[in-house]
Structure formats: C-alpha cells, structure tokens
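**Q** Start counting the sequence shown at 13; every next residue gets the next number (this note's numbering).
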Amino acid sequence: MNNSFFASLGLGNIDIGIILIVLAAIILLLIILNIVNICSIRKLKKRYEIFMQGKNVKSLENEIIGLFEDNKFIKNSIEKNKKDIQTLYKKFESSFQKIGIIKYDAFREIGGKLSFSLALLDENNNGFILNSVHSTDACYSYTKEITNGQCNISLGKEEEEALNMAMGSEK
C-alpha cells in the first residue's frame with residue numbers, strides 16, 4: 013500500500029505497519045511519562061498541603077515576619093551581651109584576683125603564728141601587701157603598694173613570699 017504522502021516525505025518504501033508500531037511505541041512512552049508526571053504532582057501537592065495545613069497565605073506571611081523579628085531580637089541581644097561582657101571584663105580587670113598569704117611568728121617567744129603577710133593583686137599585678145605583726149602587747153598593721161609586681165619599699169621575707177604566692181611563682 014503506497015501512499016503519495018509518505019512518498020513525498022521520502023518514506024514511500026517503508027511499510028505502514030512499521031510506522032504504526034513506532035507511533036504506538038511513542039504513544040505508550042508518552043502515556044508512561046504522563047503517569048510519572050501525575051505521580052510527581054501528587055507528591056508535590058501532598059507536601060504543599062502539609063506545609064500549608066491550617067494556614068493561609070496571610071498567616072504564613074505573619075509567621076515569616078515573626079521569624080525575622082525574632083532573629084533581629086536575638087542579634088540585638090547578642091550585641092548587648094558582648095558589650096556587657098566587655099564592661100564586666102574591664103571591671104574585673106582591676107579587682108583583686110590573686111591572693112597570697114603567709115602566716116608566721118614575728119617573735120620567737122609568741123607561738124601560734126599570729127602574724128601574717130597578705131598580698132592582694134589584680135590582673136596586672138597591681139595591689140598591696142598587708143602585713144600584720146602581733147606581739148605580746150600590741151598588733152601592728154601596715155601596707156605596701158605593689159605596682160606591676162614590684163614594690164618601691166624593700167620587702168621582708170614573709171612579704172616577698174606572699175607576693176610570689178599571689179603572682180603564682182612562689183620561690
């Protein structure tokens with residue numbers, strides 16, 4: 013069965029049965045692709061319905077705006093916390109952080125180690141040494157200023173031990 017239409021296309025020698033089989037295969041392939049697309053659309057629709065469950069576009073928009081506001085609040089809180097931490101660090105930098113105390117007998121005849129040298133230093137090794145000497149008739153207390161771990165006045169043995177203990181390098 014020769015058709016002039018197929019002949020004009022240059023397919024005059026091909027059997028129409030083969031053309032019909034090829035067309036049937038193409039139609040079958042298109043049907044399969046259509047079924048796959050329908051299944052994909054159903055999955056997407058289910059996901060969309062779960063995502064939008066109980067919400068309309070306005071409420072979803074409000075949710076997103078709320079999340080952005082929360083994020084902004086958190087960022088502001090973090091910045092405030094950073095500033096507060098820096099302020100606290102500056103305050104604690106000058107507070108006494110290092111302590112050294114040595115108890116001793118100032119006079120051999122008095123027992124009990126009632127005398128002491130107390131070194132109080134900040135982060136930069138600035139502070140003072142409080143020395144208290146107990147005798148049988150009185151108690152004498154005096155201080156010596158410490159700057160950068162050094163004293164302008166000569167230190168006694170116990171005072172130096174207390175200072176070294178406070179600085180973490182007891183000898």
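C-beta: ideal position from N, C-alpha, C; glycine also.
Everything numeric in this text was worked out from a predicted model, so none of it was measured.
Enumerated in chain order, which unbroken segments of the alpha helix (DSSP H) with a length of 4 residues or greater are wholly contained in the stretch 68-144?
**A** If we require 4 residues or more, the alpha helix (DSSP H) runs fully inside the stretch 68-144 come out as 69-105.
**Q** Mind checking E73: buried by the 16 CB within 10 Å criterion, or exposed?
**A** Within the sequence shown, residue 73 is the residue found at index 61, counting from 1. Exposed, by the Cβ-count rule.
**Q** In whole angstroms, what separates the C-alpha of E182 from that of L175?
**A** Sequence index remark: in the sequence shown, residue 182 carries index 170 (1-based). Sequence index remark: in the sequence shown, residue 175 carries index 163 (1-based). Since pLDDT at E182 reaches only 46, below the 50 mark, its modelled position is unreliable, and no value is offered.
**Q** In whole angstroms, give me the CA-to-CA distance for D27 and A37.
**A** Your numbering for residue 27 matches position 15 in the sequence shown. Your numbering for residue 37 matches position 25 in the sequence shown. Each residue's alpha carbon lies about 16 Å from the other.
**Q** Using a 10 Å radius around the Cβ and a threshold of 16 neighbouring Cβ atoms, would you call E61 buried or exposed?
**A** To locate residue 61, count along the sequence shown from 1; it is residue 49. Counting Cβ neighbours within 10 Å, E61 comes out exposed, since fewer than 16 surround it.
**Q** Provide the residue span of the alpha helix (DSSP H) that contains S52, from first to last.
**A** As a working mapping, residue 52 is identified with position 40 in the sequence shown. Looking at the DSSP string, the run of the alpha helix (DSSP H) that includes S52 is 28-63.
**Q** By Cβ distance, which residues of its chain are closer than 8 Å to I158, with the 5 residues on each side in sequence left out?
**A** Within the sequence shown, the letter at position 146 stands for residue 158. Answer for I158: A131, L133, N137, N138, G139, F140, I141, L175, listed in chain order.
**Q** Mind checking which residues open and close the alpha helix (DSSP H) that includes L23?
**A** As a position in the sequence shown, residue 23 is number 11, starting the count at 1. Looking at the DSSP string, L23 is not in any alpha helix (DSSP H), and its letter there is neither H nor E.
**Q** Just the Cα atoms here: how many angstroms apart are K103 and D149?
**A** Counting from one through the sequence shown, the residue named residue 103 turns up at place 91. Counting from one through the sequence shown, the residue named residue 149 turns up at place 137. Each residue's alpha carbon lies about 41 Å from the other.
**Q** Output needed for M13: all residues of its chain with C-beta closer than 8 Å, excluding positions within five of it in sequence on either side, in chain order.
**A** The count along the sequence shown starts at 1 and reaches residue 13 at position 1. Residue placement at M13 is flagged as unreliable, the pLDDT there being 48, under the threshold of 50; the coordinate-derived value follows with that caveat. The answer, listed in chain order, is I28.
**Q** How would you call E171, buried or exposed, if buried means at least 16 neighbouring beta carbons within 10 angstroms?
**A** Numbered from its first residue, the sequence shown carries residue 171 at position 159. With 16 or more other Cβ atoms within 10 Å, it is buried.
**Q** Tell me whether S16 sits in a helix, a strand or coil according to DSSP, three-state version.
**A** Within the sequence shown, the letter at position 4 stands for residue 16. Helix at S16.
**Q** N49 to I43, Cα distance in whole Å?
**A** Residue mapping note: residue 49 aligns to position 37 of the sequence shown, counting from 1. Residue mapping note: residue 43 aligns to position 31 of the sequence shown, counting from 1. Spanning the two alpha carbons is a distance of roughly 10 Å.
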